[in-house]
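In this note's numbering, the protein residues as written are 4 to 272.
All C-beta atoms in this analysis are idealised placements derived from N, C-alpha and C, irrespective of residue type, glycine included.
These figures come from a predicted structure and were not determined experimentally.
Here's the structure, in structure tokens; my notes come after.
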């Protein structure tokens, strides 16, 4: 409801934005739906891809970074670096378009749009799981490729710096096995900068989801942001930006907690 223009600007701002502190993000000017309900309806998709992206990225990049550090300047290190940076140089939405054209339209191996098939509700539980996995493959590839290079190289460089440190050489000289020196001493200290990258991973996920979901027509948080900008739906734009800022803040807070768990020198009091 429009407020009278003769009211003081402070009163207008107070009326419009006081509900934000109570979780009231207003109503969409296009659909007249509560903004928080529109966002909550899209958040399961964001959480689904966010968790998968984080799990796969850390599960692959940490061992790969350790392997590259131990095999520095070998064929494995060089070949993996070329593949990683080749994938990093291609934007996620451009990679999505390429995958859709070749693996979707031409080879008909994957669906072209959506997260589920039109007859998803009529399928059995096992068929629903397969259908969801089938639709997830291509978007998930686009999500994880961008984060691979940063986390892998961060792991490699930090581990190499710690392996060259005096405390590791001293431990080996005292008879500690090389494997224990690597994983019991150097790798743990290398995890400190890696833990702080969790906040950056959240930022990459939020920034990339807008374009990736638009390419694959996935009804998620990013597509809601994109559509609200095109439709100039200001309450939805402000609501999605508020949630995105809150998620990035949560990511950085989690990074601080993880650093405190990894680094014994840091304690919360």
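Assignment of residue 37 by DSSP, reduced to helix, strand and coil, places it in the strand class.
Taking C-alpha positions only, residue 106 is separated from residue 145 by approximately 13 Å. Setting aside the 5 residues that flank it on each side, residue 236 is surrounded in the same chain by 31, 32 and 33, each with a C-beta closer than 7 Å to its C-beta; the list follows chain order. Here residue 225 is buried, its C-beta having at least 16 other C-beta atoms within 10 Å. Within the same chain, and ignoring the five residues on either side of residue 199 in sequence, the residues whose Cβ sits closer than 7 Å to its Cβ are 258 and 262. Residue 76 carries a coil assignment under DSSP once its states are collapsed to helix, strand and coil. Taking each of 130, 162, 183 and 35 in turn and checking the Cα distance to residue 66, the smallest one comes out for 162. Given a length threshold of 4 residues, each whole run of the alpha helix (DSSP H) inside the segment 41–97 is given here in chain order: 78–92. For the options 254, 215, 69 and 64, the alpha carbon positioned closest to that of residue 164 is the one of 69.
Spanning the alpha carbons of residue 15 and residue 250 requires a straight line of approximately 28 Å. Annotation for residue 254: the continuous alpha helix (DSSP H) segment containing it runs 237–265. If you compare the alpha carbons of 50, 51 and 25 with that of residue 39, the shortest gap goes to 25. Note on the segment 162–224: whole alpha helix (DSSP H) runs with a minimum of 4 residues are 169–176, 190–199 and 201–219, in chain order.
Using a C-beta cut-off of 8 Å, the segment 231–245 makes no contact with the segment 185–192, since fewer than three inter-stretch Cβ pairs fall below that distance.
The DSSP-derived three-state label of residue 30 is strand.
Taking 7 Å as the cut-off, the Cβ atoms of residue 212 and residue 229 do not count as close. Residue nearest to residue 223 within the set 254, 117 and 185 is 117 (criterion: CA-CA distance). CA-to-CA, the gap between residue 137 and residue 269 works out to about 44 Å. Taking a C-beta distance under 7 Å as the contact criterion, residue 246 and residue 93 do not qualify as a contact pair. Under the three-state reduction of DSSP output, residue 114 falls in the coil class, being neither helix nor strand.
A Cβ-Cβ distance of about 7 Å is found for the pair residue 143 and residue 52, placing them in contact under the 8 Å criterion.
Between residue 45 and residue 201, the gap from beta carbon to beta carbon reaches 7 Å or more. Excluding residues up to 5 positions away in sequence, 96 lie with their Cβ nearer than 6 Å to the Cβ of residue 214 in the same chain.
Assigned with DSSP and collapsed to three states, residue 126 falls in coil, not helix or strand. Taking all protein chains shown into account, residue 58 has fewer than 16 neighbouring C-beta atoms within 10 Å of its C-beta and is therefore exposed. A buried status is given to residue 71, since no fewer than 16 other beta-carbon atoms sit within 10 Å of its beta-carbon. At least 7 Å separates the beta-carbon of residue 64 from that of residue 186.
Non-local C-beta neighbours of residue 22 in its own chain, meaning closer than 8 Å and more than five positions away in sequence, comprise 28 and 29, ordered along the chain.
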